[in-house]
Amino acid sequence: IRKLLNVLITEQQKASVTQSEHRPNKGTNVFAEEGSSVTLSCNYSASGATDYLHWYRQYGKSKPEFLVLTYSSAKQAEVSDVDPRFTVNNTKKEQVDLKISSAAVSDSALYYCALAPTLTGNTSALYKNLQ
């Protein structure tokens, strides 16, 4: 599952920010005023007992930058050292929100949400199949 959000933070734009649900491979633009809080929502269908949900940010043609990894079965998240203004909320079932507090123009980027299931069972058989 891949979700795309294009976020543009402006200094002059006066707009309310709402949570956005979007479809894979379709972009959603979110506009916000500098200094406001922005919440990006990722809705997904659970694929296992524990799902790993990743948030990435990408500027232009540069490679995606890791922001957050969270687990669906636990209320914990591993946040990169990119910026403490980025927090995650996964209290709703099959939805993970990325919140950017005090949004800055430099936060304008393409944001990705990616879901990866946990591997369970016979891992040696998987390794054998990959060789």
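With the first letter of the sequence shown counted as 1, position 64 gets the number 64 in my numbering; the numbers rise by one all the way through.
Positions of the beta carbon are idealized from the N, C-alpha and C atoms, including for glycine.
It should be emphasised that the depicted structure is a prediction, and the values quoted were computed from it without experimental measurement.
Between serine 41 and isoleucine 100, the C-beta spacing is not below 8 Å. Lysine 99: member of the beta strand (DSSP E) spanning 95-100, first to last residue. Residue pairing by DSSP places valine 105 opposite no residue, since no beta bridge is assigned to it.
Under the DSSP assignment, alanine 32 falls in the beta strand (DSSP E) whose first and last residues are 29-33.
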